[in-house]
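Student: Before we start, here is the structure in question, set down as structure tokens.
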Amino acid sequence: MLASIVGINWGDEGKGRMVDLLSKDYDIVCRYQGGNNAGHTVINERGKFILNLLPSGILREGVVCVMGPGMVIDIRHLAGEIARLREAGISVSPENLKISDRAVITMPYHVQQDCLEEARLADKKFGSTRRGIAFVYADKYQKKAFRMGELLHPERLKKRLPDIVEWKNLTIVNAYGAEPVKVEDMEAYFEEYGAPLKDYICDVGLYLNEANAAGKKILLEAQLGALRDLDYGIYPYTSSSNNIAAYGPIGAGVPNLKLDKTIGIMKAYSSCVGEGPFTAEYFGEKAEKLRNAGGEYGAATGRPRRVGPFDAVASKYGIRCQGADEIALTKLDILSGHEELEICTGYELEGKVLKEFPFTDVLDDCKPVFEKVKGWNCDISACRRAEDLPREALDYIRLLEKLCDCKIRYVSVGAERDAYIEQ
Ligand code: GDP
């Protein structure tokens with residue numbers, strides 16, 4: 033059984049929190065794309081954890097975590113993440129963590145290139161997280177990247193390294209005028225952060241296929257959301273990988289397996305980090321209030337997120353891109369305490385109201401159409417059954433289901449593991 037948990041919006045929907053909850057029903061959790069450019073925040077009885085690279089299933093005993101071939105792995109960052117978990121008493125060993133030999137290694141020069149490029153762009157910058165992600169994926173497609181499996185063959189790796197460094201310096205030195213990358217520094221990087229990972233590296237596709245044949249349940253975990261997908265998101269303000277569920281089996285190492293179920297994580301309001309069109313955006317005091325209520329500051333970077341009301345146009349598109357079978361609606365508790373709530377139900381463009389999400393460039397000229405619905409004035413964070421919710425909150429959920437043509441199965445009313453309603 034192969035299922036996936038994916039983001040419907042711009043990311044930060046609370047995927048980590050839902051993986052942490054739903055992984056109780058799975059044997060294996062696998063991340064299939066992206067790197068340490070976003071963070072999942074998980075709060076459970078063992079504490080509060082921010083995970084950038086490791087699948088959120090790492091916090092559950094008995095669950096095996098896999099980092100798939102679609103990922104880019106900053107091995108220095110991974111070392112830090114593993115060390116922090118161990119300090120908190122979470123075990124991380126080759127028994128519960130398998131890293132794909134085909135996953136690509138993010139090098140220090142990718143991070144450096146990212147910073148140099150953002151500095152060059154100055155006020156035209158894209159709002160990169162400066163974790164080198166675009167540059168490492170670019171190198172992957174140029175066939176100039178290093179893969180985790182190469183760490184198992186250090187002699188061959190050593191032979192390949194000087195050519196790659198020479199090529200990289202053509203850009204670092206000649207284009208940006210920065211100090212050249214040194215071969216010996218990269219050797220030291222592999223030795224310090226790569227060598228300790230040797231026992232974790234394997235053919236995860238083989239592992240997952242055998243597990244699947246043995247009847248194990250596998251959950252794929254996405255990073256970011258549909259609107260940040262490289263091909264289907266708000267390009268060029270996207271991430272550099274495909275987070276859509278259809279890519280899941282490929283990025284996980286099991287292109288031969290089909291998804292049995294896709295659970296889309298959708299937030300009860302909108303948030304977006306960095307640059308790019310965000311039609312339903314709130315500004316000023318309204319934005320500040322929602323941002324503070326929702327604690328909308330980036331898990332990886334601490335950046336304040338842009339916020340707005342629920343966007344039915346973008347969410348419907350996100351659900352379509354993800355092929356979501358069911359939805360988990362998160363952070364509904366954040367909307368408590370309002371007489372009225374707004375929902376973006378259309379985009380106005382040249383006198384017409386669009387109901388379908390348009391091509392990115394058109395978004396710049398779109399104005400949001402907001403509709404008002406009744407809010408609820410009580411705290412809903414202790415509700416555990418749909419019947420416990422105030423009428424207005426239930427109506428809000430039903431309206432979202434109708435606008436997005438989807439079934440909302442889970443409603444999350446708090447960050448803690450058990451703060452949810454299944455309906
Ligand atoms: P992810 O990248 O999709 O996993 O999302 P993030 O971790 O960046 O953001 C979700 C944040 O909201 C985290 O701090 C969670 O602890 C928190 N969170 C998740 N679900 C809920 C919820 O239903 N209510 C509240 N109040 N917080 C939530």
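Residues in the sequence shown are numbered consecutively from 33, following our numbering. Even for Gly, the Cβ is constructed at its ideal location relative to N, Cα and C.
Would you tell me roughly how many angstroms separate the C-alpha atoms of Glu328 and Val339, rounded to the nearest one?
Tutor: The sequence position of residue 328 within the sequence shown is 296, counting from 1. The sequence position of residue 339 within the sequence shown is 307, counting from 1. If you take the alpha carbons of Glu328 and Val339, they lie about 8 Å apart.
Student: Tell me, to the nearest whole angstrom, how far the beta carbon of Ile375 is from that of Phe342; I am working on the premise that it is less than 8 Å.
Tutor: Walking along the sequence shown from the start, residue 375 turns up at place 343. Walking along the sequence shown from the start, residue 342 turns up at place 310. That belief holds up - the Cβ atoms of Ile375 and Phe342 are roughly 5 Å apart, short of 8 Å.
Student: For Val385, is the classification buried or exposed, using 16 other Cβ atoms within 10 angstroms of its Cβ as the cut-off for buried?
Tutor: By 1-based counting over the sequence shown, the position of residue 385 is 353. When all chains shown are included, Val385 counts as exposed.
Student: In three-state DSSP terms, what is Cys438?
Tutor: Reading the sequence shown from its first residue, position 406 is the one you call residue 438. Residue state, collapsed to three classes: coil.
Student: Give a yes or no on whether the C-beta atoms belonging to Tyr269 and Gly308 are separated by under 7 Å.
Tutor: As a working note, residue 269 is residue 237 in the sequence shown. As a working note, residue 308 is residue 276 in the sequence shown. Cβ atoms of Tyr269 and Gly308: closer than 7 Å.
Student: For the ligand GDP, is there any heavy atom lying closer than 6 Å to the beta carbon of Ala258?
Tutor: The residue given as residue 258 occupies position 226 in the sequence shown. Every heavy atom of the ligand GDP is 6 Å or more from the Cβ of Ala258, so no.
Student: Which word fits Arg337, buried or exposed, when buried means at least 16 other C-beta atoms lie within 10 angstroms of its C-beta?
Tutor: As a working note, residue 337 is residue 305 in the sequence shown. Buried.
Student: Taking only the alpha-carbon atoms, compute the straight-line gap between Leu367 and Trp408 and give it to the nearest angstrom.
Tutor: Along the sequence shown, one-based indexing puts residue 367 at 335. Along the sequence shown, one-based indexing puts residue 408 at 376. Their backbone Cα atoms lie some 8 Å apart in a straight line.
Student: Could you spell out where the alpha helix (DSSP H) holding Phe167 opens and where it closes?
Tutor: As a first step, residue 167 must be located in the sequence shown, where it is residue number 135. Here the alpha helix (DSSP H) through Phe167 covers 165-173.
Student: Between Gly102 and the ligand GDP, is there a pair consisting of the residue's CB and a ligand heavy atom that are separated by less than 6 Å?
Tutor: Here residue 102 is taken as the residue at index 70 of the sequence shown, counted from 1. No, since every heavy atom of the ligand GDP falls outside the 6 Å radius drawn around the Cβ of Gly102.
Student: Taking 6 Å as the cut-off, is the C-beta of Arg49 nearer than that to any heavy atom in the ligand GDP?
Tutor: Start at 1 with the first residue of the sequence shown, and residue 49 comes out as number 17. Yes, the beta carbon of Arg49 sits closer than 6 Å to at least one heavy atom of the ligand GDP.
Student: Helix, strand or coil, according to DSSP, for Tyr264 in the structure here?
Tutor: The residue you call residue 264 lines up with position 232 of the sequence shown. Coil, per DSSP.
Student: What alpha helix (DSSP H) runs, 4 residues minimum, are completely inside the stretch 303-349?
Tutor: Counting only runs of 4 or more, we get 316-326.
Student: Which value, in whole angstroms, describes the spacing of the CA atoms of Leu9 and Glu182?
Tutor: Lying outside 33 to 455, the shown extent of the chain, residue 9 is not represented and no answer is given.
Student: By the DSSP assignment, the alpha helix (DSSP H) with Ile107 in it spans what residues?
Tutor: Numbered from 1 along the sequence shown, position 75 holds the residue referred to as residue 107. Looking at the DSSP string, the run of the alpha helix (DSSP H) that includes Ile107 is 107-119.
Student: Looking at His370 and the ligand GDP, is the gap between the Cβ and the nearest heavy atom below 6 Å?
Tutor: By 1-based counting over the sequence shown, the position of residue 370 is 338. Not under cutoff, so the answer is no.
Student: Suppose contacts are defined by Cβ-Cβ distances below 7 Å. Is Leu251 in contact with Tyr58 by that definition?
Tutor: If you number the sequence shown from 1, residue 251 lands on position 219. If you number the sequence shown from 1, residue 58 lands on position 26. Yes, Cβ-Cβ distance for Leu251 and Tyr58 is below 7 Å.
Student: Could you check whether the Cβ of Lys363 sits closer than 6 Å to any heavy atom belonging to the ligand GDP?
Tutor: The residue you call residue 363 lines up with position 331 of the sequence shown. The answer is yes for Lys363.
Student: Alpha carbon to alpha carbon, how far is Gly102 from Ala135?
Tutor: For the purposes of this step, residue 102 is taken as residue 70 along the sequence shown, with counting starting at 1. For the purposes of this step, residue 135 is taken as residue 103 along the sequence shown, with counting starting at 1. The alpha-carbon atoms of Gly102 and Ala135 are separated by roughly 6 Å.
Student: Thinking C-alpha only, which one of Tyr452, Phe389, Lys404 is nearest Glu419?
Tutor: Here residue 419 refers to the residue found at position 387 when the sequence shown is read from its first residue. Taking only the C-alpha atoms, the option nearest Glu419 is Tyr452.
Student: State the Cα-Cα distance for the pair Asn241 and Leu193, rounded to the nearest angstrom.
Tutor: Translated into positions along the sequence shown, residue 241 becomes position 209. Translated into positions along the sequence shown, residue 193 becomes position 161. For Asn241 and Leu193, the distance between alpha carbons rounds to 33 Å.
Student: Taking the alpha-carbon positions, what's the Glu45 to Pro390 distance?
Tutor: For this step, residue 45 is matched to residue 13 along the sequence shown. For this step, residue 390 is matched to residue 358 along the sequence shown. Going from the Cα of Glu45 to the Cα of Pro390 covers about 22 Å.
Student: Flag this pair as yes or no: are the beta carbons of Cys62 and Val96 separated by less than 7 Å?
Tutor: Position 30 of the sequence shown holds residue 62. Position 64 of the sequence shown holds residue 96. No, the Cβ-Cβ distance between Cys62 and Val96 is not below 7 Å.
Student: Between which two residues does the alpha helix (DSSP H) carrying Val51 extend?
Tutor: Stepping through the sequence shown from its first residue, residue 51 is reached at position 19. Element bounds for Val51: 47-54.
Student: Could you check whether the Cβ of Thr73 sits closer than 6 Å to any heavy atom belonging to the ligand GDP?
Tutor: Along the sequence shown, one-based indexing puts residue 73 at 41. Result yes, Cβ under 6 Å from the ligand GDP.
Student: Is any heavy atom of the ligand GDP found at a distance shorter than 6 Å from the C-beta of Gly446?
Tutor: Counting from one through the sequence shown, the residue named residue 446 turns up at place 414. Yes; taking the cut-off as 6 Å, the Cβ of Gly446 has a heavy atom of the ligand GDP nearer than that.
Student: Can you tell me where the beta strand (DSSP E) with Leu83 in it begins and where it stops?
Tutor: The residue you call residue 83 lines up with position 51 of the sequence shown. Looking at the DSSP string, the run of the beta strand (DSSP E) that includes Leu83 is 79-83.
Student: Closer than 6 Å to a non-hydrogen atom of the ligand GDP - does that hold for the CB of Glu45?
Tutor: The count along the sequence shown starts at 1 and reaches residue 45 at position 13. Result yes, Cβ under 6 Å from the ligand GDP.
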